[in-house]
Ligand code: S3P
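Numbering (this note's numbering), first residue to last: 1 to 172.
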């Protein structure tokens, strides 16, 4: 199989990092978590970047981190949920590799985000209506993916397997 890159996109809480780790376990791909790359670049956590420097600074770092992946191969990239907000990133993801959208119902996302304390866009008292509106606004961009995978009621390993199967089909 050609080791082109895989980029996982989708809203917060759709399992991008977990599924990327599963794909990396296959031994065919090296794991890149874009938020972790950004944290290394900035020397602080995503939360701290948002708090100290603001969202625009975070988005600038995110675009830089993404552009630095150009020219690589054999990567599985867990992107942040807002990566497709900028038009240049929407183009670049398709240059870098196969874009896979992990599609998850909002109720599932909400249940997962309730357990998470580390996302700057999810406050201590989350505004669920605003988050659902944010998701709705992003869906058209996520749906520009090369592949859409429904994740609900599936284990991460199963989702990873489905992605690999479908990649093999398109490469056959
Ligand atoms: C964001 C999602 C986060 C992280 C940042 C912004 C977003 O990543 O990049 O907090 O705008 O949806 P995850 O999708 O991995 O939570």
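Built from N, CA and C at the ideal position, the CB exists for glycine as well.
What you are looking at is a predicted structure, and each value in this text was computed from that prediction instead of being measured.
Between the ligand S3P and residue 98, a heavy atom-to-CB distance of less than 7 Å is absent.
Membership of residue 98 in the beta strand (DSSP E) is indicated by the continuous run 97–103. Under the three-state reduction of DSSP output, residue 9 falls in the strand class. Contact annotation: residue 11 and residue 138 have beta-carbon atoms nearer than 8 Å. Counted as a single uninterrupted DSSP element, the alpha helix (DSSP H) harbouring residue 111 occupies residues 106–114. In this structure, the straight-line span from the alpha carbon of residue 127 to that of residue 171 is close to 42 Å. Residue state for residue 144 is assigned as coil, using DSSP reduced to three classes. By the 16-neighbour rule on beta-carbons within 10 angstroms, residue 22 is buried. Residue 30 carries a strand assignment under DSSP once its states are collapsed to helix, strand and coil. With respect to residue 104, residue 28 sits apart: the two C-beta atoms are not nearer than 8 Å. Cα atoms of residue 109 and residue 167: separation of roughly 26 Å, rounded to the nearest angstrom.
The beta carbon of residue 168 sits no closer than 7 Å to any heavy atom of the ligand S3P. The alpha-carbon of residue 162 is positioned some 8 Å away from that of residue 149. Residue 25 and residue 91 have their C-alpha atoms some 28 Å from each other. Distance from the C-beta of residue 35 to the nearest heavy atom of the ligand S3P is below 7 Å.
Look at residue 119: its beta carbon is less than 7 Å from one of the heavy atoms in the ligand S3P. Residue range 156–171 is occupied by the alpha helix (DSSP H) that includes residue 170.
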